[in-house]
Amino acid sequence: MLLPLLGWAQPDFEDLQQQWLDILNKGEDVSEFYWTNEYQVFAELKVGEAQRIMDVVNSNENKLPGSYQQTDIFRHDEDRYVTVGDLYNEEDEILLVTGWRNTENGWKKEVDMYFSPEEETGNSFEMVKAKLDERRQEWIKLANAHNPQKHVDELYTQETVYLANGSKSEGRQEVADRYYFMKNPNYEIGISKTKLWNIAEGHVLETGRYYVGGDYDADGGVYVVLWELTGAGKWQVKLDFNF
8 MLLPLLGWAQ
18 PDFEDLQQQW
28 LDILNKGEDV
38 SEFYWTNEYQ
48 VFAELKVGEA
58 QRIMDVVNSN
68 ENKLPGSYQQ
78 TDIFRHDEDR
88 YVTVGDLYNE
98 EDEILLVTGW
108 RNTENGWKKE
118 VDMYFSPEEE
128 TGNSFEMVKA
138 KLDERRQEWI
148 KLANAHNPQK
158 HVDELYTQET
168 VYLANGSKSE
178 GRQEVADRYY
188 FMKNPNYEIG
198 ISKTKLWNIA
208 EGHVLETGRY
218 YVGGDYDADG
228 GVYVVLWELT
238 GAGKWQVKLD
248 FNF
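Using the numbering used here, you'd call the opening residue of the sequence shown number 8 and step up by one each time.
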């Protein structure tokens, strides 16, 4: 049973993940770990891995790699965190990014995001980082132009997914509709990356902080973005998650 934790106490997310993983791999019910009906799942995995992972999550009939090691933790506020870690065994390694929310029933998973990591290849990844720095600046510029449809059309893939507050939006139109608040002439936002991971098949995972009002001296909120290199040679957002 998950025990409620005080909002100001940072919990042992690594232990919670291992508890969830152990119970999941026994084929037992893990719903107590999830934020009720708001729980979401996203996966960007190598061909062959994707169906296997989703079968595990949806049916508990198979097993995920049996060990979890946390590598990063990002605090949004005292009740919301993002953790990054590796699910691994001798054959597999999967990057698991989880959004956690402190509820009246304790800490729950708001979202799990699964990725296939790839080794970074020196200078080529440095070039990718430079391109993403440019795209990030374009994101800021267009976000502050008060035209969410143009913002999304330019920077997001056709099949983009936006996850926030337990709700999923799919496709450019739905995401632009969620970003309606950008139309406010007083709206201003800044973002800065904290870390990048090279992901299989032309993808890069990014974590960072956003600053409503553009005040980079504030604590900021946490975001997770998956960039995809499209056939047109542009980096666009395939996944956008924030609290």
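Every residue gets a Cβ at the ideal spot worked out from N, C-alpha and C, and that includes glycine.
The Cβ atoms of Lys116 and Thr128 do not sit closer than 8 Å to each other. Put simply, the region 173 to 189 does not touch the region 82 to 95. Fewer than three CB pairs are less than 8 Å apart. Each of Asn205, Ser38, Lys175 was checked against the Cα of Met134, and the nearest Cα belongs to Asn205. In summary, Val219 is exposed, with fewer than 16 beta-carbon neighbours lying within 10 Å of its beta-carbon over all protein chains present. A straight line joining the alpha-carbon of Thr237 with that of Val229 spans about 25 Å. The shortest CA-to-CA distance from Asn44 to any of Thr201, Gly173, Thr110 is the one to Gly173. The Cβ-Cβ distance between Tyr223 and Ile196 does not fall below 8 Å. Between the alpha carbons of Thr164 and Gln243 lies a gap of roughly 6 Å.
Ser174: member of the beta strand (DSSP E) spanning 174 to 177, first to last residue.
Assigned with DSSP and collapsed to three states, Val37 falls in coil, not helix or strand. Collapsing the DSSP output to three states places Pro18 in coil. Residue range 129 to 150 is occupied by the alpha helix (DSSP H) that includes Lys138, with no beta strand (DSSP E) assigned at that position.
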